[in-house]
Amino acid sequence: MVRTEQDIKFERKVSQTILASQQSVAIGEAGKTGEWRTMRPILHTEKCLVVKTGKLSCNLCWMYCPENTVSRAIPPEFNYDYCKGCGICANECPAHAIEMIPEKDAPSSVGEESATGETGGKF
Amino acid sequence: MPEQKVLTGNHAAAYACKSANVEVVAAYPITPQSPVVEKISEFVEAGELPNTQFVTVESEQSAISAVVAASQMGARVFTASSANGLAYMYEILCWAAGSRLPLVMCIATRGLGAPWTVWTDHQDAFSMRDVGFIQQFVESNQEAYDTVLMSYRIAEDPRVYLPAFVSYDGYILSHTMMPVQIEDEDKVKEFLPPLKPHIHLTDFDNVRSVNPVTPPGLTVRPEGNTPGYYEFRYSMQKAHEYATEVVEEVAKEFEAKFGRSYGNGIYKPYKIDDAEVLIFAVASVASESRGVVDKLREEGLKVGLISLKLYRPFPIKHLREAFSKAELVVVFDRDVGYGMEGILAAELKTALYAADHRPIIRGFIVGLGGRDITADQLILGVKTAIAEKDDRTVQQNTHVDFIGVQLEELGFKKEGM
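For the record, the sequence lines run as chains A and B.
All the letters of the first sequence, read from the start, carry residue numbers 1 to 123 under this note's numbering.
All the letters of the second sequence, read from the start, carry residue numbers 1001 to 1417 under this note's numbering.
Pasting the structure below:
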């Protein structure tokens, strides 16, 4: 195929328009990533400084969570849809109020899809 | 006022970053690149670059990651490396090009280990061939300074938006002093207007994620169909195909503004008008070849030189034109495409395959790992190529010829084998 002036204009336009892959951002963009989890954080509220003081105070679990899956609330709550079980919160908690337990011992929450082996991921 | 200084190649590159008002620099030291970033950090410490953030990092991979991130935020960025450090950047270099970020980085060329070497060859630069960067080689410290400035202009051109390498030989340029003219900052500003980034991560009203998993097919999103991986890579190749003319245009503008030129910005011809034999080489090998051209001309041989400046995009059209009258091309590679032949030789053969006129192309390997390339070695190469020009058996050889390998001195003998 001989490339015409029109082809050249077209290719130039494309090369100047399709630049970096970008997407608008939304929660759940990559599916429910909590399904990857093998260890689950659970909170022993009787030890938690936020619960004990009744104030938004320590909240290091919220601050350190790389996935933003711990709420800044009393008591702090985990979003198991997206928590991957990395354990940073448990490691950082100065009161040792967060325990990591094997997912198989935990009551199911996202678990239903995982149990059937299906994934919720789009890609 | 422009200022005359006596500078090493590394410091010339650092002064270019200063003239270009680079905003973020991150680099990790490796011989022979280290002084370029040491000098930039001196500028920053001394308050001579008040708008520049120097990020200290723990590795080359972090260095390139930091400047890629800063470039995505819209900053003009710089980094530099050599050999194994450059190899360690490989993954992120692909991210820089794949996101079409207009960053500029210098390579002070050095042989890749093993065995460990700190001396120059071009294996490191050429091994980055397919990451998607624009790639240029230079022959002097002034050319290093000028090419960094031109590279920002090319990389940031909205018709291009590609990152660029500027490669200069380790030690031969990186640590050798030459006079360099440092241009007036205002004049550089006229030549190099502020960067207009195409990614706007600081637009918090329209938050976007950059480089999410991009599937093979198009994705249907609220904003319509978005491209798949294939479309991005198609676009990157097309950007390369049209970048050559921007490189040429920028070289012309640079000459008009600052009065210096390097051939047509694509290659530098030397005594080619009546040449029957042309040497094809880059950087230090091309520099050495100039003297060789003169010597061979004294002997009555019509020899010339095409010193390639722009290696990527490979200027196929220009090279077909440049070699349209030569009978023989002698390619000196300071690198090996292992298992094939010298990289430049192989690429030139590809470029000229469909040319109307196809000269005989003969490649030689020279000077790996900093082995001195002497005029005698290059003369031997040219004369051998001339003598064997019409020998079909030689042309059909599948082995690669090395010049200057000292095997006899190691006790190897052909007699009696």
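By construction, the Cβ of each residue, glycine as well, lies at the ideal position given by its N, Cα and C atoms.
If you're wondering where the values come from, they're calculated on a predicted model, not measured in any experiment.
Taking Cβ-Cβ distances shorter than 8 Å, what residues in chain B pair up with residue i?
i, result
"Ile-18 (chain A)", "Pro-1227, Glu-1231, Phe-1232, Tyr-1234 and Ser-1235"
"Glu-29 (chain A)", "Ser-1209 and Pro-1212"
"Ser-57 (chain A)", "What Ser-57 (chain A) touches in chain B: nothing, since even the nearest Cβ is about 29 Å away."
Can you tell me where the beta strand (DSSP E) with residue i in it begins and where it stops?
i, result
"Cys-124 (chain A)", "What the structure shows of chain A is the stretch from 1 to 123, and residue 124 (chain A) is not part of that stretch, so it cannot be assessed."
"Cys-1106 (chain B)", "1104-1109"
"Met-989 (chain B)", "The question about residue 989 (chain B) has no answer, for chain B in this structure spans 1001 to 1417."
"Ile-1361 (chain B)", "1360-1366"
"Pro-102 (chain A)", "98-102"
"Asp-1169 (chain B)", "1164-1169"
"Lys-1349 (chain B)", "First-last for Lys-1349 (chain B): 1343-1352, but that is the alpha helix (DSSP H), not the beta strand (DSSP E)."
"Tyr-1027 (chain B)", "According to the sequence provided, residue 1027 (chain B) is Ala. The question's Tyr does not apply to it. It spans 1024-1027 - the beta strand (DSSP E) in which Ala-1027 (chain B) sits, taken as one unbroken run."
"Phe-1137 (chain B)", "1134-1137"
"Lys-1005 (chain B)", "1003-1007"
"Ser-1034 (chain B)", "Counting along the chain, Ser-1034 (chain B) falls outside any beta strand (DSSP E), though it belongs to the alpha helix (DSSP H) covering 1034-1045."
"Thr-1219 (chain B)", "1219-1221"
"Leu-1328 (chain B)", "1328-1333"
"Phe-1412 (chain B)", "No beta strand (DSSP E) holds Phe-1412 (chain B); DSSP gives it neither H nor E."
"Val-1131 (chain B)", "Neither: Val-1131 (chain B) is in no beta strand (DSSP E) and is coded neither H nor E."
"Thr-1419 (chain B)", "The structure shown does not extend to residue 1419 (chain B), since chain B is modelled only from 1001 through 1417, so no value can be given for it."
"Ile-1199 (chain B)", "Here Ile-1199 (chain B) belongs to no beta strand (DSSP E), and DSSP marks it neither H nor E."
So with Cβ pairs under 8 Å, would you call residue i a contact of chain A?
i, result
"Val-1210 (chain B)", "yes"
"Arg-1159 (chain B)", "yes"
"Arg-1153 (chain B)", "no"
"Arg-1334 (chain B)", "no"
"His-1198 (chain B)", "yes"
Identify the continuous alpha helix (DSSP H) that holds residue i and give its terminal residues.
i, result
"Asp-1426 (chain B)", "Within the shown structure, residues of chain B are numbered from 1001 to 1417, placing residue 1426 (chain B) beyond reach of any answer."
"Val-1285 (chain B)", "1283-1298"
"Phe-982 (chain B)", "Outside the shown range of chain B (1001 to 1417) lies residue 982 (chain B), about which nothing can therefore be said."
"Pro-1269 (chain B)", "Element bounds for Pro-1269 (chain B): not the alpha helix (DSSP H) but the beta strand (DSSP E), 1267-1270."
"Glu-92 (chain A)", "88-92"
"Ser-15 (chain A)", "5-17"
"Phe-1078 (chain B)", "Here Phe-1078 (chain B) belongs to no alpha helix (DSSP H); instead the beta strand (DSSP E) covers 1077-1081."
"Met-1236 (chain B)", "1229-1258"
"Thr-1226 (chain B)", "Taken as a continuous stretch (DSSP letters only), Thr-1226 (chain B) belongs to no alpha helix (DSSP H), being part of the beta strand (DSSP E) at 1224-1226."
"Ser-1174 (chain B)", "Per DSSP, Ser-1174 (chain B) belongs to no alpha helix (DSSP H) and is neither H nor E."
"Val-1068 (chain B)", "1060-1072"
"Tyr-1311 (chain B)", "Not the alpha helix (DSSP H): Tyr-1311 (chain B) falls in the beta strand (DSSP E), residues 1310-1312."
"Gln-1123 (chain B)", "1123-1126"
"Thr-1393 (chain B)", "1392-1395"
"Arg-1320 (chain B)", "1316-1322"
"Val-1382 (chain B)", "1375-1387"
Kindly list, in the order they appear in chain A, the residues whose Cβ is closer than 8 Å to that of residue i.
i, result
"Lys-1238 (chain B)", "Glu-11, Arg-12, Val-14 and Ser-15"
"Glu-1156 (chain B)", "Residues of chain A passing the Cβ test: none, with the nearest at roughly 13 Å."
"Glu-1223 (chain B)", "Ser-24"
Return no unless some Cβ of chain B is closer than 8 Å to the Cβ of residue i.
i, result
"Gln-6 (chain A)", "no"
"Asp-105 (chain A)", "no"
"Val-25 (chain A)", "yes"
"Ser-71 (chain A)", "no"
"Val-2 (chain A)", "no"
"Thr-119 (chain A)", "For Thr-119 (chain A), the predicted model reports a pLDDT of 37, less than 50, meaning its position is unreliable; a value from the coordinates is still stated below. With 8 Å as the cut-off, Thr-119 (chain A) does not count as an interface residue toward chain B."
"Phe-123 (chain A)", "With a pLDDT of only 32 at Phe-123 (chain A), under the threshold of 50, the placement of this residue in the model should not be trusted, and no figure is reported."
"Cys-89 (chain A)", "no"
"Lys-47 (chain A)", "no"
Could you tell me whether any Cβ in chain C is nearer than 8 Å to the Cβ of residue i?
i, result
"Tyr-1028 (chain B)", "Reference to chain C is not applicable here, since the protein chains of this structure are A and B."
Anything in chain A within Cβ reach of residue i, meaning under 7 Å, just list it in chain order.
i, result
"Tyr-1242 (chain B)", "Arg-12 and Ser-15"
If contact means a Cβ-Cβ distance below 8 Å, which residues of the stretch 1262-1289 of chain B contact chain A? Taking a C-beta cut-off of 8 Å against chain A, none of the residues of the stretch 1262-1289 of chain B qualify.
Listed from N- to C-terminal order along the chain, which residues in the stretch 1096-1116 of chain B have their beta-carbon within a distance smaller than 7 Å of any beta-carbon of chain A? Of all residues in the stretch 1096-1116 of chain B, Ser-1099 and Arg-1100 have a Cβ within less than 7 Å of some Cβ in chain A.
Which full runs of the beta strand (DSSP E) of 3+ residues lie inside the stretch 27-81 of chain A, going along the chain? The qualifying runs are 39-43.
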